[in-house]
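Each remark here refers to the structure printed beneath this line.
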Amino acid sequence: MEQSKHSIPSYLNKEDVGPWGIFLEQIDRVTPHLGELSKWVDTLKHPKRTLIVDIPVELDNGEIAHFEGYRVQHNVALGPGKGGVRFHPDVELSEVMALSAWMSIKCAAVGVPFGGAKGGVRIDPKQYSQRELERVTRRYTAEVRPIIGPEHDIPAPDVNTNSQVMAWMMDTYAALNGTHDNGVVTGKPIELGGSLGREQSTGRGVFITACEAARELGLDLKGARICIQGFGNVGGVAAECFHEVGAKIIAVQDFSATLYDAEGLDIPALRAHCADNPHQGLAGYQEDKEIPAEQFWEIESDILVPAALEDQINRHNAPRIQTKILVEGANGPTTPAADDILTDKGVFIVPDVLANAGGVTVSYFEWVQNQNHYYWDEDTIYARLEEKLRTAYREISAVANEHQVSMRTAAYIQACTRILQVRALCGTFP
Ligand code: NAD
-1 MEQSKHSIPS
9 YLNKEDVGPW
19 GIFLEQIDRV
29 TPHLGELSKW
39 VDTLKHPKRT
49 LIVDIPVELD
59 NGEIAHFEGY
69 RVQHNVALGP
79 GKGGVRFHPD
89 VELSEVMALS
99 AWMSIKCAAV
109 GVPFGGAKGG
119 VRIDPKQYSQ
129 RELERVTRRY
139 TAEVRPIIGP
149 EHDIPAPDVN
159 TNSQVMAWMM
169 DTYAALNGTH
179 DNGVVTGKPI
189 ELGGSLGREQ
199 STGRGVFITA
209 CEAARELGLD
219 LKGARICIQG
229 FGNVGGVAAE
239 CFHEVGAKII
249 AVQDFSATLY
259 DAEGLDIPAL
269 RAHCADNPHQ
279 GLAGYQEDKE
289 IPAEQFWEIE
299 SDILVPAALE
309 DQINRHNAPR
319 IQTKILVEGA
329 NGPTTPAADD
339 ILTDKGVFIV
349 PDVLANAGGV
359 TVSYFEWVQN
369 QNHYYWDEDT
379 IYARLEEKLR
389 TAYREISAVA
399 NEHQVSMRTA
409 AYIQACTRIL
419 QVRALCGTFP
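Quick note, the sequence shown lines up with residues -1 to 428 if you use the working numbering.
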């Protein structure tokens, strides 16, 4: 950790490094496994580009508001930067830096030829109208335009941004450049060059990597007991995939309720309930199936999928978890302390940088289609997604066996090796 302290950039608070400090600790953990490449490891402790912008916007009432915006490109050794744009009142530099670094690791770990980037605007979108959010998005795009582009850095949706926000970003970039570069963002509406299957891709990826883990551990998915936290895009699609192969989803939890049925919940009916009541969530489905939220973590299962928020599995609930396989659909759902507790208990963990990489994989497919002006059908996309993730899983599993480490450390070894090999080959310039 001492070396990390020396590496903290002057623009961060050394006393409270924030999420960037977690990333530095992860890099320190993997460094002993990097052999001669460890000479270059400090590359990963310095984001390549960090842009902070002021976004002045006229509000509907005529007042002028200023918002802070960020775009960080952590590493672009393997390709253009790739990463979402988050609208949230707590967005700050250290968080965007860490998120951009985790994108570098995710893309490199699964072999998607992108670097890592992330963006954000410090705003609570619930407080503003659609017209105001459009103005914020367009001005943010204009401000970060010097460093984004289909060959430079490709934003995508993240927390509180969606395909409409991507449409505004694409249009602003195209208007200012006088070109039709729809590959500047991914996660666009299909009509603007978005990819078929993008919506389902992350949940499907969770299922594909869970199948691989089950195969490795000799677990039959037919009849397997699954618990899923989060029933949105990732958790909901993953639940459907597990349901289709005959697994029993015995518990689901969202912000509104926790449902349990030892015989397996009716997933199509639950999905329909959530679609009919988008703001209500799981609550109101069948009250006799509701249990207290805290009990969710004690349910004995074969596979547990956290697919809601970060830090959900921590030192407090990890000792009570009884599952065989943990598949991290969310980003950062398990704290390092909980990771150690679960590993000691023999829980097999498929880390987030692999388990939820289906999203960035189909974003990559979207970008390839845009650059080629040639579009693939859904079956082709799903077949290529499956092939990419199964290959990534098996490669990371082989690294884990070779070094006798967890799948998380193996994913970091794989990713850091790929990035630093390029660094070593290119050397420094001048
Ligand atoms: P979403 O908004 O569609 O769904 C989030 C779900 O979590 C909802 O069901 C919500 O009710 C539930 N939730 C929120 N707070 C909760 C709480 N305190 N307790 C229990 N449940 C709670 O979001 P999503 O797109 O499904 O993303 C979920 C996670 O997956 C996030 O960590 C996200 O960063 C990660 N992720 C998403 C994608 C993607 O393509 N959508 C890709 C990679 C990673």
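For glycine and all other residues, C-beta sits at the position ideal for the given N, C-alpha and C.
It should be emphasised that the depicted structure is a prediction, and the values quoted were computed from it without experimental measurement.
Curious, which full-length alpha helix (DSSP H) runs of at least 4 residues does the segment 65 to 141 contain? 91 to 108
| said: Given a cut-off of 8 Å on the beta-carbon distance, is the pair VAL348 and ILE323 in contact? | reply: Start at 1 with the first residue of the sequence shown, and residue 348 comes out as number 350. Start at 1 with the first residue of the sequence shown, and residue 323 comes out as number 325. In this structure, ILE323 lies closer than 8 Å to VAL348 by Cβ.
List the whole-angstrom C-beta distance separating LEU35 from GLN419, where the pair is believed to meet the contact cut-off of C-beta under 8 Å. Start at 1 with the first residue of the sequence shown, and residue 35 comes out as number 37. Start at 1 with the first residue of the sequence shown, and residue 419 comes out as number 421. Rounded to whole angstroms, the Cβ separation of LEU35 and GLN419 is 7 Å, and the two are in contact under 8 Å.
Item to complete: Run the CB neighbour count on GLN71, radius 10 Å, all protein chains shown included, and call it buried at 16 or more, exposed below.
Response: Taking the sequence shown and counting its residues from 1, one reaches residue 71 at position 73. Under this definition GLN71 is a buried residue.
Exposed or buried, which one is HIS241 when buried takes at least 16 other CB atoms within 10 Å?
Translated into positions along the sequence shown, residue 241 becomes position 243. By the 16-neighbour rule on beta-carbons within 10 angstroms, HIS241 is buried.
Whole angstroms is fine: what's the gap from ASP350's alpha carbon to PRO334's? Counted from its first residue, the sequence shown places residue 350 at position 352. Counted from its first residue, the sequence shown places residue 334 at position 336. Cα to Cα, the separation comes out at about 13 Å.
Notebook entry, point to check: Taking the alpha carbon of VAL243 as the point to measure from, which residue in GLY228, ARG223, GLN412 and ASN370 has its own alpha carbon closest?
Noted result: Within the sequence shown, the letter at position 245 stands for residue 243. Selected option, being the one with the closest Cα: ARG223.
* Asked: According to DSSP, what are the bridge partners of ILE301?
  -> If you number the sequence shown from 1, residue 301 lands on position 303. ILE301 is bridged to ILE224 and ILE323.
Taking the alpha-carbon of GLY33 as reference, which of GLY425, GLN412 and ALA140 has the nearest alpha-carbon? By one-based count along the sequence shown, residue 33 stands at place 35. Of GLY425, GLN412 and ALA140, the residue nearest in Cα terms is GLN412.
message: Using only the alpha-carbon positions, how far apart do ALA212 and VAL142 sit?
response: One-based indexing of the sequence shown puts residue 212 at position 214. One-based indexing of the sequence shown puts residue 142 at position 144. Cα to Cα, ALA212 sits roughly 43 Å from VAL142.
Beta carbon of ALA306: closer than 7 Å to some heavy atom of the ligand NAD?
Locating residue 306 in the sequence shown gives position 308, counting from the first residue. Yes.
Next on the checklist: Considering only their Cβ atoms, is the gap separating THR256 from ASN231 smaller than 8 Å?
Outcome noted: Residue mapping note: residue 231 aligns to position 233 of the sequence shown, counting from 1. Residue mapping note: residue 256 aligns to position 258 of the sequence shown, counting from 1. No.
Which partner residues of GLN402 appear in the DSSP bridge assignment? Your numbering for residue 402 matches position 404 in the sequence shown. Partner(s): none; GLN402 has no beta bridge.
_Supposed contact pair ALA408 and ALA422 - C-beta distance, whole angstroms, cut 8 Å_ = Here residue 422 is taken as the residue at index 424 of the sequence shown, counted from 1. Here residue 408 is taken as the residue at index 410 of the sequence shown, counted from 1. About 21 Å; that fails the 8 Å criterion.
*Looking at C-alpha atoms only, which residue of ALA165, ILE206, GLU298 and PRO7 is the closest neighbour of ILE188?*
Reading the sequence shown from its first residue, position 190 is the one you call residue 188. Considering only alpha carbons, the answer is ALA165.
Inset, instruction - Assign TYR391 to buried or exposed, taking buried as 16 or more other Cβ atoms, counted over all protein chains shown, within 10 Å of its Cβ. - result: The residue given as residue 391 occupies position 393 in the sequence shown. Burial call: buried.
Assumed close pair LEU387, GLY203 - CB separation to whole angstroms, cut-off 8 Å
Taking the sequence shown and counting its residues from 1, the one referred to as residue 387 is at position 389. Taking the sequence shown and counting its residues from 1, the one referred to as residue 203 is at position 205. Going by Cβ atoms, the distance from LEU387 to GLY203 rounds to 5 Å, so yes, they are a contact pair.
field: Proximity of THR184 and SER361 at Cβ, strictly below 8 Å
entry: One-based indexing of the sequence shown puts residue 184 at position 186. One-based indexing of the sequence shown puts residue 361 at position 363. At the C-beta level, THR184 and SER361 come within 8 Å of one another.
| said: Any contact between the segment 286 to 297 and the segment 312 to 321? By contact I mean 3 or more CB pairs, one from each, below 8 Å. | reply: The answer is yes - the segment 312 to 321 touches the segment 286 to 297, with three or more Cβ pairs under 8 Å.
- Query: When burial is assigned at 16 or more other CB atoms within 10 Å of the CB, is THR332 buried or exposed?
  - Reply: Taking the sequence shown and counting its residues from 1, the one referred to as residue 332 is at position 334. Per the 10 Å Cβ criterion, buried.
(request) Taking all protein chains shown into account, decide if LYS186 is buried (16 or more other Cβ within 10 angstroms of its Cβ) or exposed. (result) By one-based count along the sequence shown, residue 186 stands at place 188. That one is buried.
Item to complete: Report all residues from its chain with a CB closer than 8 Å to the CB of ASP58; omit the five preceding and five following residues, and keep chain order.
Response: In the sequence shown, counting from the first residue as 1, residue 58 sits at position 60. So the list reads SER127, ARG129 and GLU130, once near-sequence residues are dropped.
*Expressed to the nearest angstrom, what Euclidean distance is found between the alpha-carbon atoms of ASP88 and PRO123?*
One-based indexing of the sequence shown puts residue 88 at position 90. One-based indexing of the sequence shown puts residue 123 at position 125. About 12 Å.
Please classify ILE62: is it buried, with 16 or more other beta-carbons within 10 angstroms of its beta-carbon, or exposed?
By 1-based counting over the sequence shown, the position of residue 62 is 64. The residue in question, ILE62, is exposed, as its Cβ has fewer than 16 Cβ neighbours within 10 Å.
Checklist entry - alpha helix (DSSP H) containing GLN369: first to last residue? => result Here residue 369 corresponds to residue number 371 of the sequence shown, with the count starting at 1. Segment 356 to 370, the alpha helix (DSSP H) holding GLN369.
With which residues is VAL183 paired in a DSSP beta bridge?
Locating residue 183 in the sequence shown gives position 185, where the first residue counts as 1. Looking at the DSSP output, VAL183 shares a beta bridge with no other residue.
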